[in-house]
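Engineer: Structure in structure tokens, see below.
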Amino acid sequence: MTDYECKMTRFPEPVLGKKARPIEVIDESIRALAERMKEIMVDNKGVGLAGPQAGVDLRIFVVSTDGTRENAKVYINPKIEPGGGLTENEEGCLSLPGIWGKIKRYKKCTVTATDLDGNEFTEEGEGLLARAFQHEYDHLEGIMIKDRLSAAAKLRARRQLRKLQAESSGPGE
Ligand code: NI
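Take 100 as the starting number for the sequence shown in this note's numbering and just add one per residue.
Right, here's the structure in full:
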């Protein structure tokens, strides 16, 4: 059993740019990790959080479209099947503070994942839920909204990305 040391990660932490690894065994350490991830998500007023955002390169995310801990659901080793055509909407990311932009996502998304008891389940999402599934799944592939912004929005985000980079390499590191 491994105890995962969790902390909220921000760009440019390397773990955010990597493809996360599948979870092989769902044990107490994974259950503890999931609880900690819910806590980080709620504390930061997010509606979702992926493993790499907690500093852990494992394929797990939590989603709660109303941002509450009670409604936070855990998805382990998720596979997604987006559909229903594309739609554009404003998105932000806890790991990219200060960056917002219109991102194209599929209107619908089906997730098949494993829960904390090791049971596989399938869930269909629409609207914000479908968007959250696609956003969090991207994190497991090392993709962030900065990679999906339009060329113009990328240009606008450049200064903020540099600022985040500068903050991470500040004094003492
Ligand atoms: Ni995000």
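Note that the Cβ used here is the ideal one computed from N, Cα and C, for glycine as well.
Cβ of G145 within 8 Å of Cβ of C105?
Structural biologist: The count along the sequence shown starts at 1 and reaches residue 145 at position 46. The count along the sequence shown starts at 1 and reaches residue 105 at position 6. For G145 and C105, no; Cβs fall outside 8 Å.
Engineer: Any heavy atom of the ligand NI closer than 7 Å to the Cβ of Q233?
Structural biologist: Within the sequence shown, numbered from 1, the residue matching residue 233 stands at position 134. Checking the Cβ of Q233 against the ligand NI gives no.
Engineer: To the nearest angstrom, report how far apart T213 and P177 are at their CA atoms.
Structural biologist: In the sequence shown, residue 213 corresponds to position 114, counting from 1. In the sequence shown, residue 177 corresponds to position 78, counting from 1. So the two alpha carbons sit approximately 7 Å from each other.
Engineer: Report yes if the CB atom of I139 is closer than 8 Å to the CB atom of R158, and no otherwise.
Structural biologist: Working through the sequence shown from its first residue, we reach residue 139 at position 40. Working through the sequence shown from its first residue, we reach residue 158 at position 59. Not a contact, by the Cβ cut-off of 8 Å.
Engineer: Taking the DSSP output, what are the residues bridged to F160?
Structural biologist: By one-based count along the sequence shown, residue 160 stands at place 61. Looking at the DSSP assignment, F160 forms a beta bridge with A149, Y174.
Engineer: Just reading off the alpha helix (DSSP H) that Y205 is part of, what are its end residues?
Structural biologist: Residue mapping note: residue 205 aligns to position 106 of the sequence shown, counting from 1. Taken as a continuous stretch (DSSP letters only), Y205 belongs to no alpha helix (DSSP H), being part of the beta strand (DSSP E) at 199–213.
Engineer: Can you say whether E235 is buried or exposed, counting buried as having 16 or more other CB atoms within 10 angstroms of its CB?
Structural biologist: Here residue 235 corresponds to residue number 136 of the sequence shown, with the count starting at 1. Buried: at least 16 other Cβ atoms inside 10 Å.
Engineer: Quick check on DSSP: helix, strand or coil for R109?
Structural biologist: The sequence position of residue 109 within the sequence shown is 10, counting from 1. In this structure, R109 counts as coil in the three-state DSSP scheme.
Engineer: Flag this pair as yes or no: are the beta carbons of L228 and T164 separated by less than 8 Å?
Structural biologist: One-based indexing of the sequence shown puts residue 228 at position 129. One-based indexing of the sequence shown puts residue 164 at position 65. A contact, by the Cβ cut-off of 8 Å.
Engineer: Of all the alpha helix (DSSP H) runs that stay within the bounds of the stretch 211–238, which reach a length of 4 or more residues?
Structural biologist: none
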